[in-house]
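Numbering (UniProt numbering), first residue to last: 1 to 506.
Written out as structure tokens, the structure is:
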């Protein structure tokens, strides 16, 4: 099948810097207005195309039914609506109706539309004072209506042709469709035979003819490389393609022709992720090279996507590859295509550099934020203070002697020295250098010998009693010994203290 490449010669590549506006008009606003206008025109054109396509398709189905009735059903039965209905249901699918994006889902079926047409034409004859039961008159009315439909259909097709030409003159992102990541495999033998026939009829003068014949000599069309388990998995062939130098275009072209399945959305993205990997290791040269090769795959993929082929057609894809290198890369008469391609490569290279720096900074910030996990002693209530309760080293009491034994045998020497100062800052300083698991064991020792207590200063006796009840309910081993109560109404002072296990903060 011959492919018309002339539309690629008409593509004009430019950027916003080419726009010239009046000095009194803001350039950015002008560009925005222009873009908005283009989008609105494109939307309207697409809607007009959909509406006309729906209209032409509907008239085609209706005309089939009317023509079948006029050529098969006896003329006398045309005025019998029940006979018309019975004939339609016997010869056509009675549930078939028009479908589309802009079509009302509640629209009548095609058979019902034809029935309504016959009924309406009969009523029109009656309004004109004619005999609505005259079959010949009704047939003439049907033929006139049929001629009008033909006229409207011709006009609609002409308008459609104009809209198609206008749409094809502009290539936008709307024209690109996902097809390269499809794992669809057409298993019909005749499809493979068509591909093989196309390969055998292709020009034998090209050096790639043997490659194409080799690719299509299989029972099924080729499938694009796709990894279901790991979308970012890079095929060995794709990684090898990424290592081809940016200036070796002939080598890149030959490699792609020999490895068509790698030209897929998934493999292109996986190769781009390889560029991030090189950039994170500070290898600018390999980053640029891999991005360049990934863009070659992306451009070719987008052009092939316009053909809307759900599987890998070796002939079509090879034609696209050759056309791209001929029209864009090797076209010395019109270098603007290659310049645009290289500009896209450079923009993506700068983007990868920028994103890599951000990722590295985020990783450093996250690492610094996490720091080293330690245990620190701190009171969670502003009205209380933590204090150190040393065991009585000179006591003969069995309980105190047990506490002294635990203190000297289960606590590290450095921690013992810090506790002896009765300074929480010194204790916390020791905790900073102790692994979290070991620190938790030390806290258990603190709890066993009631080493850290809570000291609170309350304003009245009622608050003291409430606090006492709270600790007795929550901590059965809590002991109330001494608490300072300042009562503005009483000149005397009562001293008592509440000892309890210390609050800890990880």
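By construction, the Cβ of each residue, glycine as well, lies at the ideal position given by its N, Cα and C atoms. Bear in mind that the values here come from a model prediction, so they are computed numbers and not experimental data.
Boundaries of the alpha helix (DSSP H) in which residue i is found, first to last residue
i: residue 436; result: 436–448
i: residue 73; result: Taken as a continuous stretch (DSSP letters only), residue 73 belongs to no alpha helix (DSSP H), as it is neither H nor E.
i: residue 400; result: 398–410
i: residue 287; result: 284–305
i: residue 85; result: 81–91
i: residue 314; result: 314–324
i: residue 128; result: Per DSSP, residue 128 belongs to no alpha helix (DSSP H) and is neither H nor E.
i: residue 328; result: Here residue 328 belongs to no alpha helix (DSSP H), and DSSP marks it neither H nor E.
i: residue 94; result: No alpha helix (DSSP H) holds residue 94; DSSP gives it neither H nor E.
i: residue 232; result: Element bounds for residue 232: n/a, residue is neither H nor E.
i: residue 430; result: 424–432
i: residue 108; result: Element bounds for residue 108: n/a, residue is neither H nor E.
i: residue 419; result: 413–420
Cβ distance (whole Å) where residue i is taken to contact residue j below 8 Å
i: residue 244; j: residue 251; result: 5 Å
i: residue 79; j: residue 126; result: That pair is no contact at about 12 Å.
i: residue 111; j: residue 139; result: That pair is no contact at about 19 Å.
i: residue 257; j: residue 321; result: 6 Å
i: residue 270; j: residue 290; result: Going by Cβ atoms, the distance from residue 270 to residue 290 rounds to 11 Å, so no, they are not a contact pair.
i: residue 348; j: residue 337; result: Going by Cβ atoms, the distance from residue 348 to residue 337 rounds to 17 Å, so no, they are not a contact pair.
i: residue 374; j: residue 413; result: Going by Cβ atoms, the distance from residue 374 to residue 413 rounds to 19 Å, so no, they are not a contact pair.
i: residue 72; j: residue 103; result: 29 Å between Cβ atoms; not a contact.
i: residue 427; j: residue 439; result: Rounded, the Cβ-Cβ distance is 11 Å, inconsistent with contact.
i: residue 300; j: residue 267; result: About 12 Å; that fails the 8 Å criterion.
i: residue 377; j: residue 434; result: Actually they are not in contact, since the Cβ atoms of residue 377 and residue 434 sit about 12 Å apart, beyond 8 Å.
i: residue 107; j: residue 84; result: Their Cβ separation, rounded to whole angstroms, is 20 Å, which puts residue 107 and residue 84 out of contact at 8 Å.
Candidates the options: closest to residue i by CA position
i: residue 155; options: 92, 52 and 403; result: 52
i: residue 285; options: 46, 418, 350 and 425; result: 350
i: residue 259; options: 235, 107, 277 and 120; result: 235
i: residue 330; options: 247, 142, 301 and 449; result: 247
i: residue 287; options: 54, 452, 396 and 353; result: 353
i: residue 60; options: 432, 281 and 157; result: 157
i: residue 512; options: 359, 292 and 363; result: Here the chain covers residues 1 to 506 and nothing more, so residue 512 does not appear.
i: residue 255; options: 268, 240, 428 and 119; result: 240
i: residue 49; options: 145, 132 and 163; result: 163
i: residue 67; options: 81, 145 and 283; result: 145
i: residue 448; options: 42, 273, 417 and 391; result: 391
i: residue 356; options: 429, 300 and 272; result: 272
i: residue 279; options: 359, 38 and 97; result: 359
i: residue 42; options: 450, 167 and 253; result: 167
i: residue 123; options: 452, 92 and 81; result: 81
i: residue 324; options: 249, 113, 309 and 386; result: 249
i: residue 149; options: 62, 39, 452 and 69; result: 62
i: residue 342; options: 161, 294 and 365; result: 294
i: residue 444; options: 410, 425 and 430; result: 410
Cβ neighbour criterion (16 or more within 10 Å) applied to residue i
i: residue 332; result: exposed
i: residue 231; result: exposed
i: residue 297; result: buried
i: residue 147; result: exposed
i: residue 238; result: buried
i: residue 65; result: buried
i: residue 304; result: buried
i: residue 120; result: exposed
i: residue 242; result: buried
i: residue 265; result: buried
i: residue 388; result: buried
i: residue 423; result: exposed
i: residue 362; result: exposed
i: residue 415; result: buried
i: residue 47; result: exposed
i: residue 515; result: Missing from the structure shown is residue 515; the chain here goes from 1 to 506 and no further.
i: residue 282; result: exposed
i: residue 152; result: exposed
i: residue 143; result: exposed
i: residue 498; result: Bear in mind that the predicted position of residue 498 carries a pLDDT of just 36, short of 50, making it too unreliable to give a figure here.
i: residue 58; result: buried
i: residue 436; result: exposed
i: residue 118; result: buried
i: residue 393; result: exposed
i: residue 97; result: buried
i: residue 115; result: buried
i: residue 399; result: exposed
Any non-hydrogen atom of the ligand FAD closer than 7 Å to residue i Cβ
i: residue 332; result: Ligands displayed in this structure: none; no statement on the ligand FAD is therefore possible.
Q | alpha helix (DSSP H) runs contained entirely in the region 240–287, provided each spans 4 or more residues | A | 249–258 and 265–280
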